[in-house]
Amino acid sequence: MRHGSPDAAETPQLRGTNQSGMRDQNERLVLSLVRQSGALAKSDIARMTGLSAQTVSVIMRELEVEGLLLRQEPIRGKIGQPSIPMALNPEGAFFIGLKIGRRSAELVLIDFLGRTRAMLQNSYGYPTPQDTIEFVKSGIAQMRAGLTREQDKRIAGLGVAMPFELWNWVDTAGAPREIMDAWRNRDIRADLQALFSFPVYLQNDATSACGAELVFGDMGALRDFVYFYIGAFAGGGVVLNGRLYSGPTGNAGALGSMPVPGPGGRPTQLIDVASIAVLEKALNARGIEAAYLWTSPEEWQDLGPDMGPDLDNWITTASEALAYAIVASASVIDFESAVIDGWMPASIRARLVQAVQSAIGRIDVEGLRIPSVREGTVGIHARAMGGASLPLSERFLIGSTAPSRGV
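Going by full-length UniProt numbering, the first residue of the sequence shown is number 1, and it counts up by one from there.
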């Protein structure tokens with residue numbers, strides 16, 4: 001959760017209305033501000049939103065009754081009554097996120113603060129619809145068994161983060177075509193919805209990772225950024241004016257498909273150069289078993305020197321491609337920053353970001369304002385966390401993400 005001064009969250013977009021019929025919108029507004037800034041008193045929220053003191057008092061009292069806000073210790077001033085800050089109640093709601101990846105699936109259970117309460121992982125050679133459904137059924141049953149009855153009643157939804165058109169990556173994933181084609185005719189959201197009473201949402205996996213950075217990350221006052229998530233395949237997302245922009249079809253920020261210079265200067269796609277699957281292929285070509293890339297993403301640096309040359313080469317080529325992608329993005333939108341995260345150790349992510357910064361310095365950027373390049377703050381579980389952020393955003397926040405939910 002991001003923290004800052006109350007004034008830092010005071011933006012023209014976060015304004016309330018005192019008109020009747022807007023209770024839900026105002027409640028979302030209050031919860032969004034408290035999530036961004038930490039505990040706030042009624043007077044803080046009234047000043048930041050333009051709502052009347054009476055309206056704010058009613059909203060916060062109702063949110064407290066609903067178990068979404070908790071009273072903090074009173075702050076006594078020199079004059080008048082002490083102010084009572086209100087903070088998010090960790091037990092106010094729970095959210096489940098599912099990441100379906102090309103090499104692994106993850107389930108995560110988070111509380112209202114975004115803290116992980118449980119996490120499960122399943123690694124595989126390639127995903128199948130039926131195995132995925134079984135993993136979700138058994139995994140969620142295991143997670144719910146660890147909750148009290150009251151906590152279980154407060155599960156607000158399941159968010160699924162997965163690549164759109166998964167079947168199109170059959171060659172790169174190394175899976176049998178008939179297995180990957182099985183995804184073409186499956187509505188995984190509907191299949192999962194049939195299993196649970198709480199709502200199920202669906203979003204592209206890289207876009208979901210971007211949403212996790214927006215909702216749970218530590219981006220401070222950053223409101224416009226392009227985001228790259230480097231997993232088995234590279235992808236990304238776009239944040240404009242503090243909100244995730246997914247576009248009319250949900251495919252905005254499809255950065256993996258962005259053209260970049262390839263071998264011999266011929267154009268290729270970012271996904272073909274910057275993806276971790278490229279590193280895996282190089283390791284396999286030298287007879288090195290690379291399954292640890294998917295099973296131990298935090299421990300690459302502890303697995304000996306064998307991967308060293310291939311890792312160095314991959315960082316060089318991936319950083320050059322990412323540099324071009326960032327410069328190209330900056331020619332379309334004046335982003336404040338480019339954020340890079342991925343399924344890799346923090347030390348490797350830092351090396352990659354530093355290499356990207358250096359590579360941008362070798363590109364002709366005349367006429368452009370190049371965004372700062374920085375590391376993401378959520379890390380390897382960003383896609384699963386992004387899935388969990390979908391029901392959180394849909395139910396309790398002001399438009400920070402745009403999940404898709406069937407009828």
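Backbone N, C-alpha and C fix where the C-beta goes; we use that ideal spot for every residue, glycine too.
Given this structure, state the Cα-to-Cα distance separating residue i from residue j, to the nearest angstrom.
i, j, result
"residue 137", "residue 130", "11 Å"
"residue 330", "residue 234", "18 Å"
"residue 140", "residue 65", "28 Å"
"residue 343", "residue 67", "35 Å"
"residue 158", "residue 386", "11 Å"
"residue 133", "residue 191", "8 Å"
"residue 341", "residue 383", "10 Å"
"residue 175", "residue 126", "6 Å"
"residue 165", "residue 107", "21 Å"
"residue 410", "residue 395", "Limits of the chain in this structure are 1 at one end and 407 at the other, which puts residue 410 out of reach."
"residue 70", "residue 92", "9 Å"
"residue 256", "residue 321", "11 Å"
"residue 368", "residue 240", "18 Å"
"residue 189", "residue 221", "34 Å"
"residue 311", "residue 345", "12 Å"
"residue 177", "residue 62", "53 Å"
"residue 223", "residue 112", "22 Å"
"residue 180", "residue 48", "50 Å"
"residue 324", "residue 238", "16 Å"
"residue 366", "residue 209", "31 Å"
"residue 309", "residue 286", "11 Å"
Which two residues bound the contiguous beta strand (DSSP E) that contains residue i?
i, result
"residue 204", "200-204"
"residue 391", "First-last for residue 391: 382-396, but that is the alpha helix (DSSP H), not the beta strand (DSSP E)."
"residue 95", "94-100"
"residue 104", "104-110"
"residue 245", "243-245"
"residue 421", "The structure shown has nothing for residue 421, since the chain only spans 1 to 407."
"residue 260", "259-261"
"residue 235", "234-240"
"residue 354", "Here residue 354 belongs to no beta strand (DSSP E); instead the alpha helix (DSSP H) covers 346-360."
"residue 226", "225-230"
"residue 307", "Careful: residue 307 lies outside any beta strand (DSSP E) and carries neither H nor E."
"residue 269", "267-269"
"residue 166", "No beta strand (DSSP E) holds residue 166; DSSP gives it neither H nor E."
"residue 88", "86-88"
So, helix, strand or coil for residue i, using DSSP?
i, result
"residue 48", "helix"
"residue 333", "coil"
"residue 70", "strand"
"residue 117", "strand"
"residue 376", "coil"
"residue 122", "strand"
"residue 25", "helix"
"residue 419", "The displayed coordinates of the chain run from 1 to 407. Any statement about residue 419 would go beyond what the structure contains."
"residue 339", "strand"
"residue 322", "helix"
"residue 288", "coil"
"residue 370", "coil"
"residue 255", "helix"
"residue 138", "helix"
"residue 43", "helix"
"residue 32", "helix"
"residue 83", "strand"
"residue 75", "strand"
Would you mind reading off the limits of the alpha helix (DSSP H) that contains residue i?
i, result
"residue 192", "188-193"
"residue 414", "There is no way to answer for residue 414, as the model of the chain reaches only from 1 to 407."
"residue 295", "292-295"
"residue 55", "53-65"
"residue 219", "Note, residue 219: premise wrong, no alpha helix (DSSP H); not H, not E."
"residue 179", "177-181"
Does the separation of the CB atoms of residue i and residue j fall below 7 Å?
i, j, result
"residue 32", "residue 398", "yes"
"residue 59", "residue 30", "yes"
"residue 114", "residue 225", "no"
"residue 227", "residue 339", "yes"
"residue 236", "residue 211", "no"
"residue 363", "residue 327", "yes"
"residue 100", "residue 162", "yes"
"residue 273", "residue 317", "yes"
"residue 83", "residue 104", "no"
"residue 102", "residue 232", "yes"
"residue 120", "residue 160", "no"
"residue 184", "residue 167", "yes"
"residue 46", "residue 56", "yes"
"residue 290", "residue 283", "yes"
Item to check | Contact the stretch 366-378 vs the stretch 147-156: 3+ CB pairs below 8 Å | outcome: Not touching, per the Cβ criterion.
Next on the checklist: For the pair the stretch 332-339 and the stretch 293-301, tell me if three or more CB-CB distances fall below 8 Å.
Outcome noted: Contact between the stretch 332-339 and the stretch 293-301 is absent, because fewer than three Cβ pairs lie under 8 Å.
Next on the checklist: Using 8 Å as the cut-off, can you tell me whether the stretch 32-45 makes contact with the stretch 87-99, which would need three or more C-beta pairs spanning the two stretches below that distance?
Outcome noted: yes
Next on the checklist: Under 8 Å, with one C-beta from each stretch per pair, do the stretch 237-250 and the stretch 273-283 reach the 3-pair mark?
Outcome noted: no
Checklist entry - Can you find at least 3 beta carbon pairs, one from the stretch 191-207 and one from the stretch 385-393, that sit closer than 8 Å? => result Yes: at least three Cβ pairs fall under 8 Å.
Checklist entry - Counting Cβ pairs, one atom from each stretch, are 3 or more of them under 8 Å apart for the stretch 253-269 and the stretch 359-366? => result no
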